[in-house]
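Worksheet: one structure, shown below.
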Amino acid sequence: MTHAGHVALAGKPNVGKSSLLNAIVGEHLALVSPKAQATRLPVVGLRTDGETQFVFHDLPGLLEPAYAMQERMRALALDGVRRADVILYLHPAAEGPPPDLATAAGLTEPPRAPVLLVHTKCDQVPSAARPGLEQSGIITSAETGEGIDRLLERVAALLPEREFLYPADDLGTQPLRFFAVEFLREAAFEHLEEEVPYSFTAEIEEFRDSTDPVYIRAILFVERESQKGILIGKGGATIKKIGQHARGRLEALLGGRVYLDTQVKVLPRWRKDATQLRRFGFPDLPTETT
Ligand code: GDP
924 MTHAGHVALA GKPNVGKSSL LNAIVGEHLA LVSPKAQATR LPVVGLRTDG ETQFVFHDLP
984 GLLEPAYAMQ ERMRALALDG VRRADVILYL HPAAEGPPPD LATAAGLTEP PRAPVLLVHT
1044 KCDQVPSAAR PGLEQSGIIT SAETGEGIDR LLERVAALLP EREFLYPADD LGTQPLRFFA
1104 VEFLREAAFE HLEEEVPYSF TAEIEEFRDS TDPVYIRAIL FVERESQKGI LIGKGGATIK
1164 KIGQHARGRL EALLGGRVYL DTQVKVLPRW RKDATQLRRF GFPDLPTETT
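When we follow the working numbering, the leftmost residue of the sequence shown carries the number 924, and every step to the right adds one.
Encoded structure:
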C-alpha cells in the first residue's frame, strides 16, 4: 500500500523554507532570497520515493501582517499548516531551539497534525553544537544536503496510507507561468534594494508554449514612478539582468529555450488593494468573502 500526504514547511521568514524545498525536490522551484518575506504564495514541490509520495508546501513566513498583502500571506501560511498531514517547523540551527510553533506563530490552538522541529542551515553551526540540537529536532542543511534523508524517513513514517496524489514522475503542480512570475520576483529581490523588490510583482500577459523558444510576455509592476526608473536601470541594465535571471531559471526547469519579453508599468498601492491582490493570485480572506 502506498503512503502520501501534505507536508507544510512552516516558520518565520528567512529560515530556509524555500531552500529546503528545492534541496528535497532537486529542482529550483521556490524562489530563494537573503531578503525576508520573498515567498508570497505557497509553492508545491513533489517527491516520490518508492511507495511514498511527499507533497511539500513552501509557505509564506509566519509574521505579523502590516498591510493587506501580508494579511493574505499569513492566511495562506495558516491554511497550509491547518491542511497538512505533517508540519515541519523550520528554525535556523544557529539560533538554538525556538518557542513552540503555536506560540511563535500566534496560533489560537495547537495544530492538528504532528509537528517536527527542523534545525536548518546546520552548516553554520560548529559540530560541537550538533548533539544538543539533535535532541530537540532534526538538523538539516539545504546547502550541503545533510540530514535530508533522515528528515524524509521521519516524515514518511507519519504519512497516511493513501493513493498517490500526483503522477510519480512529477516534481511540481503549478504551471510554468506561475514560475515565470516567481523567478522574475526572485530576480527583483536579487537586483533591487530596500522597498523596491517588495513593491514589485509581475503578470504574464501572453504565454505561447507551442513555439520554440517558448514565448512569454510579462508586465512588471512597481508602485511608484520613481521605482520604474530604478527597475529599468541605466540604459536598461537592471531590467535586462532581471529578465536574464528569470529566463535562465525557466529554461532550466523546462529543459528548453524561452524568449521572455518584459514591459514595466506603475500600479500604485497594489499591495493594499483587494482587487489587485485578487488579480495577482492572493485568495480573499474569509472575512472578505462572507
Ligand atoms: P525562506 O524565506 O524561509 O524561504 O528562506 P530561503 O530559503 O529564501 O533562505 C533564506 C536565506 O538563507 C537565503 O539567503 C539562503 O541562501 C540561506 N540559506 C537557506 N538554507 C541554507 C543552508 O542550508 N545553509 C546556509 N548557509 N544558508 C542557507
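Here a beta-carbon is modelled for each residue, glycine too, at the ideal position from N, C-alpha and C.
Keep in mind the model is a prediction, meaning the values are calculated, not measured.
Report task. Grab the span of the alpha helix (DSSP H) containing Glu-1174 for me, first residue to last. Result -> From DSSP, the alpha helix (DSSP H) with Glu-1174 extends over 1160-1177.
Requested in this report: Compute the distance between the beta-carbons of Asp-1008 and Leu-932, then report whether it is under 9 Å.
Outcome: Contact flag unset, no.
**Report entry** Inter-residue spacing [alpha-carbon to alpha-carbon] between Pro-1034 and Asp-1184
**Finding:** Cα-Cα distance, rounded: 44 Å.
Query raised in the report: In chain order, what residues of the same chain have a beta carbon less than 7 Å from the beta carbon of Val-1221, not counting five sequence neighbours either side?
Result: Lying outside 924 to 1213, the shown extent of the chain, residue 1221 is not represented and no answer is given.
Requested in this report: Taking only heavy atoms of ligand 1 into account, decide whether any of them is closer than 8 Å to the Cβ of Ala-953.
Outcome: Under cutoff, so the answer is yes.
Requested in this report: Determine, using beta-carbon pairs with one atom in the region 985-1003 and one in the region 1013-1023, whether at least three such pairs fall under 8 Å.
Outcome: With the cut-off at 8 Å, the region 985-1003 and the region 1013-1023 do not touch.
Requested in this report: Give a single yes or no on whether Leu-1013 has its beta carbon closer than 8 Å to a heavy atom of ligand 1.
Outcome: Indeed, a heavy atom of ligand 1 lies less than 8 Å from the Cβ.
Requested in this report: Using 8 Å as the cut-off, classify the Cβ of Pro-965 as near or not near the heavy atoms of ligand 1, replying yes or no.
Outcome: Incorrect: Pro-965 has no Cβ contact closer than 8 Å to ligand 1.
Query raised in the report: Does the beta carbon of Gln-865 fall short of 8 Å from some heavy atom of ligand 1?
Result: Within the shown structure, residues of the chain are numbered from 924 to 1213, placing residue 865 beyond reach of any answer.
Query raised in the report: Going along the chain, which residues of its own chain have a beta-carbon closer than 6 Å to the beta-carbon of Ala-959, five neighbours each way excluded?
Result: So the list reads Pro-936 and Asn-937, once near-sequence residues are dropped.
Query raised in the report: CB Val-1181 to CB Ile-1142, shorter than 9 Å?
Result: For the 9 Å CB-CB criterion, Val-1181 and Ile-1142 do not form a contact.
Query - Residue interval of the alpha helix (DSSP H) (run including Val-1004) - result: Bounds of the alpha helix (DSSP H) holding Val-1004 are 991-1006.
Report task. Assess, as a yes-or-no matter, whether the region 934-954 is touched by the region 1088-1107 under the definition of 3 or more beta carbon pairs within less than 8 Å. Result -> The region 1088-1107 is in contact with the region 934-954.
Query - First and last residue of the uninterrupted alpha helix (DSSP H) at Glu-1109 - result: Glu-1109 -> alpha helix (DSSP H) spans 1099-1114.
**Report entry** For Leu-1024, three-class secondary structure by DSSP
**Finding:** Correct three-state label for Leu-1024: helix.
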